[in-house]
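Sequential numbering of the sequence shown, starting at 0, is according to numbering that gives the first Met the number 0.
Even glycine gets a Cβ: it sits at the ideal position worked out from N, Cα and C.
Model, not experiment: these values are computed from the prediction.
Please read the structure below before turning to the comments.
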Amino acid sequence: MISIRQEVREEIVKRLLNELEYYEAVIAKFEKKYKCSLDELEKKIEREGVPIDNHEIWEDSIEWRNAVEEVEKLKKLIEELK
């Protein structure tokens, strides 16, 4: 196990919390825009497809999925460092 000084650990946690806040804001933006959860949006895309002339919903779903995955990773890292 690597030993990290307490002040360094606190600074890392602080930065990770800032990053977590950013990704949570991304998620909130898409929840507000689509008025549903990511899972519901992905099911809608599976059911209805993506309009040929507008891929925004597909691109948003990718960005949203990435944000959700980052939140999960960051929460685990923060928990490990606390």
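Check each candidate in K42, L19, Q5 and name the one with the smallest Cα separation from L76. Walking along the sequence shown from the start, residue 76 turns up at place 77. It is L19 whose Cα lies nearest to the Cα of L76.
How many Å lie between V70 and E23 at the Cα? Within the sequence shown, the letter at position 71 stands for residue 70. Within the sequence shown, the letter at position 24 stands for residue 23. Looking at the two C-alpha atoms, the distance is approximately 7 Å.
Helix, strand or coil: which one does DSSP assign to I77? Here residue 77 is taken as the residue at index 78 of the sequence shown, counted from 1. Correct three-state label for I77: helix.
Ignoring anything shorter than 4 residues or poking outside the segment 24-70, list the alpha helix (DSSP H) runs there in chain order. 37-47
7 Å Cβ shell around L80 - same chain, five flanking residues per side excluded: Along the sequence shown, read from residue 1 onward, the residue named residue 80 stands at position 81. Cβ within range, chain order: R8, I11, V12.
Going by CA-CA distance only, name the one from E68, W63, K74, K72 that's closest to K28. As a working note, residue 28 is residue 29 in the sequence shown. It is W63.
Give the C-beta separation of I26 and I44 to the nearest angstrom, bearing in mind that I take them to be a contact with Cβ-Cβ under 8 Å. Position 27 of the sequence shown, counted from the start, is the residue given in the question as residue 26. Position 45 of the sequence shown, counted from the start, is the residue given in the question as residue 44. Contact between I26 and I44 is ruled out by a C-beta separation of about 17 Å, above the 8 Å threshold.
Buried or exposed: which applies to L16, given that a residue is buried once 16 or more other Cβ atoms fall within 10 Å of its Cβ? Here residue 16 corresponds to residue number 17 of the sequence shown, with the count starting at 1. L16 should be labelled exposed.
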